[in-house]
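Numbering (the UniProt record's numbering), first residue to last: 1 to 211. All residues carry an ideal CB built from backbone N, CA and C; glycine is no exception.
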């Protein structure tokens with residue numbers, strides 16, 4: 001219920017039935033919700049279906065938002081970045097969506113590896129200029145994603161929290177077993193991008209059990 005409330009109802013039932021039982025001692029959870037409207041909204045009447053190219057070489061027809069307005073573009077040696085600003089909120093913070101486009105038609109896997117090895121690229125310190133873009137189209141989309149992250153964390157070398165007793169020192173209680181460990185990490189996320197703006201949410205839950 002807490003996650004559902006904090007994500008404005010976008011993420012529900014993050015814990016599968018039966019995952020929490022008598023051996024469960026702690027549950028750590030965080031949640032994030034965002035809703036922003038574009039500083040310059042797209043006209044819904046101009047959204048048209050067009051080809052979207054998949055990594056496997058095939059293509060599917062999806063709705064594309066279009067615009068004739070100038071856009072903020074940053075240019076690197078291997079890719080271009082589009083910055084789509086959101087309307088500034090009451091707290092005066094300025095948010096933007098950044099969309100990376102590799103120069104090569106099949107360059108997305110290489111770009112992903114490059115970002116993974118150098119996360120600083122996501123800070124988008126490129127100089128952005130507002131320029132005229134000829135055939136400007138952005139796909140309109142909505143999707144959700146979920147996965148159990150325990151094995152992924154282990155492959156990254158994070159092993160101690162998943163070992164029996166690996167989290168014992170975080171709790172000082174005579175009623176708690178001295179063999180605490182993380183049994184599961186579950187992540188769910190959601191995003192919708194349309195002519196008005198973006199609505200997104202993410203939540204992660206870690207279950208601590210005892211042996």
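In chain order, what residues of the same chain lie with their CB nearer than 7 Å to the CB of residue i, ignoring the 5 residues before and after it?
i, result
"residue 54", "60"
"residue 86", "36, 37, 38, 39, 95, 96 and 197"
"residue 160", "166"
I need the straight-line Cα distance from residue i to residue j, nearest angstrom please.
i, j, result
"residue 34", "residue 80", "25 Å"
"residue 121", "residue 100", "10 Å"
"residue 16", "residue 146", "12 Å"
"residue 26", "residue 123", "34 Å"
"residue 207", "residue 5", "20 Å"
"residue 126", "residue 114", "16 Å"
"residue 82", "residue 187", "28 Å"
"residue 22", "residue 140", "45 Å"
"residue 151", "residue 91", "39 Å"
"residue 116", "residue 162", "24 Å"
"residue 193", "residue 168", "43 Å"
Going by the CB atoms, is the gap between residue j and residue i shorter than 8 Å?
i, j, result
"residue 191", "residue 143", "yes"
"residue 63", "residue 47", "yes"
"residue 211", "residue 179", "yes"
"residue 128", "residue 74", "yes"
"residue 67", "residue 42", "yes"
"residue 29", "residue 203", "yes"
"residue 65", "residue 199", "no"
"residue 78", "residue 109", "no"
"residue 130", "residue 71", "yes"
For residue i, collect the residues of the same chain with a Cβ closer than 6 Å to its Cβ; drop the 5 residues on either side in sequence, then sort them by chain order.
i, result
"residue 201", "7, 10, 11, 33 and 190"
"residue 164", "179, 181 and 211"
"residue 205", "14, 29 and 186"
Give me the DSSP bridge partner(s) of residue i.
i, result
"residue 28", "206"
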